[in-house]
Amino acid sequence: MSLSKIRMGGVPEHFNMPVHLAIESGEFKKRGLDVEWTDFRGGTGQMTKALRDGEIDVCILLTEGIIADIIKGNPSKIISEYVITPLTWGIHTSAKNNLARHADIYDKKYAISRYGSGSHLMAIVDANLEKKKIDHEQFNVIKNLDGALDSLDNEETDVFYWEKYTTKPWVDKGDLKRVGEFITPWPCFMIAATNKVLEEQPENIIRLLRVIHDSCDSFMQSDEAIKIVSDRMEQKLEDVARWYHSTEWTIHGWVSEKMLKSVTYYLKAADIVAEDASTEDLVWVRKK
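Per this note's numbering, the very first residue in the sequence shown carries number 83; after that it's consecutive.
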């Protein structure tokens, strides 16, 4: 049987373990799909660019990042929610930086992976909710976590937002200091696909989602999930257990219209998208 190739990607983090397990177990191949996975260490900003440039077919991205980029013209659609619990962002600085309080960060220099990435958007939304404003010149693009570690250590930047449990090993080692947390008021990850692959392979995208949803269901019921993530991500069992029990994946393709409107509301309030931005064309509508 010939397999249909789907190029898929996401951040190299524990959230995507259900997809990796489905690839390794051959579940996609059973559905006639050859899923080629790419890690995007630059986060959502790097992935939205890859979708725009046609370098990837399907990505798992931060909710606010893909909504903002589709509104701004990315030729893609959301095809399913993925992780339906909020993301806890750790707000970090170098261990040798005198910065000690969340309330004192808003006039500092920010490390961001890319413009349009979660590390960029969440800093703006957080400041907006506190009635603060971050100027463009406060941001310094550092590409990825490794770049942030160097930038913070060299004191070129002071503040870096990244997923709390991903950065915890560096906090435990004393390389980073967490000065606060920010919890997104919406589900944290969506699955998006380019309009091109949706037009050319709609049935294969439906099969892809079935495998992902089934794998997410199995992962949430597995007694071995915590140990698998701990071993592969080289993180402490107790840290993974806290993360796992605060995280829920979707097992269906439904996308909440209320959620889309709420995220767009915050993006407008933070001047990330235009005031007249609409949620009408964000989600793939399957042809009957």
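Built from N, CA and C at the ideal position, the CB exists for glycine as well.
{"query": "Is Thr332 near Val101, with beta carbons less than 9 Å apart?", "result": "no"}
{"query": "Please state the DSSP three-state secondary structure of Phe122.", "result": "coil"}
{"query": "Below 9 Å between beta carbons: does that hold for Ile224 and Thr248?", "result": "no"}
{"query": "With DSSP run on the structure shown, which of helix, strand or coil describes Arg89?", "result": "strand"}
{"query": "Would you identify the three-state DSSP class for Asp116, choosing helix, strand or coil?", "result": "strand"}
{"query": "Identify the continuous beta strand (DSSP E) that holds Cys270 and give its terminal residues.", "result": "Run containing Cys270: none; DSSP gives neither H nor E here."}
{"query": "Of all the alpha helix (DSSP H) runs that stay within the bounds of the segment 255-299, which reach a length of 4 or more residues?", "result": "277-282"}
{"query": "Provide the residue span of the beta strand (DSSP E) that contains Ile222, from first to last.", "result": "The amino acid at residue 222 is misidentified as Ile; the sequence shows Asn. Asn222 -> beta strand (DSSP E) spans Phe221 to Val223."}
{"query": "Leaving aside the five residues before and after Thr276 along the sequence, list all residues of the same chain whose C-beta is less than 7 Å from its C-beta, in chain order.", "result": "Leu133, Gly136, Asp139, Pro157 and Ser158"}
{"query": "For Leu319, collect the residues of the same chain with a Cβ closer than 8 Å to its Cβ; drop the 5 residues on either side in sequence, then sort them by chain order.", "result": "Ile308, Lys309 and Ser312"}
{"query": "Could you check where the alpha helix (DSSP H) with Lys350 kicks off and where it finishes?", "result": "Glu339 to Ala351"}
{"query": "Which residues does DSSP pair with Ser176 in a beta bridge?", "result": "Leu258"}
{"query": "Tell me, please, whether the segment 194-212 touches the segment 345-362 by the rule of three or more beta-carbon pairs shorter than 8 Å.", "result": "yes"}
{"query": "Considering only residues of the same chain and omitting the five flanking positions on each side of Ser199, which have a CB-CB separation below 6 Å?", "result": "Gly125, Thr126 and Gly127"}
{"query": "Confirm, please, whether the CB-CB distance from Glu146 to Trp336 is below 9 Å.", "result": "no"}
{"query": "Check whether the Cβ atoms of Leu115 and Ser162 sit closer than 9 Å, and answer yes or no.", "result": "no"}
{"query": "Looking at the unbroken alpha helix (DSSP H) that takes in Ala230, where does it start and where does it end?", "result": "Leu227 to Asp235"}
{"query": "Strictly by DSSP, which residues pair up with Trp244?", "result": "Gly172"}
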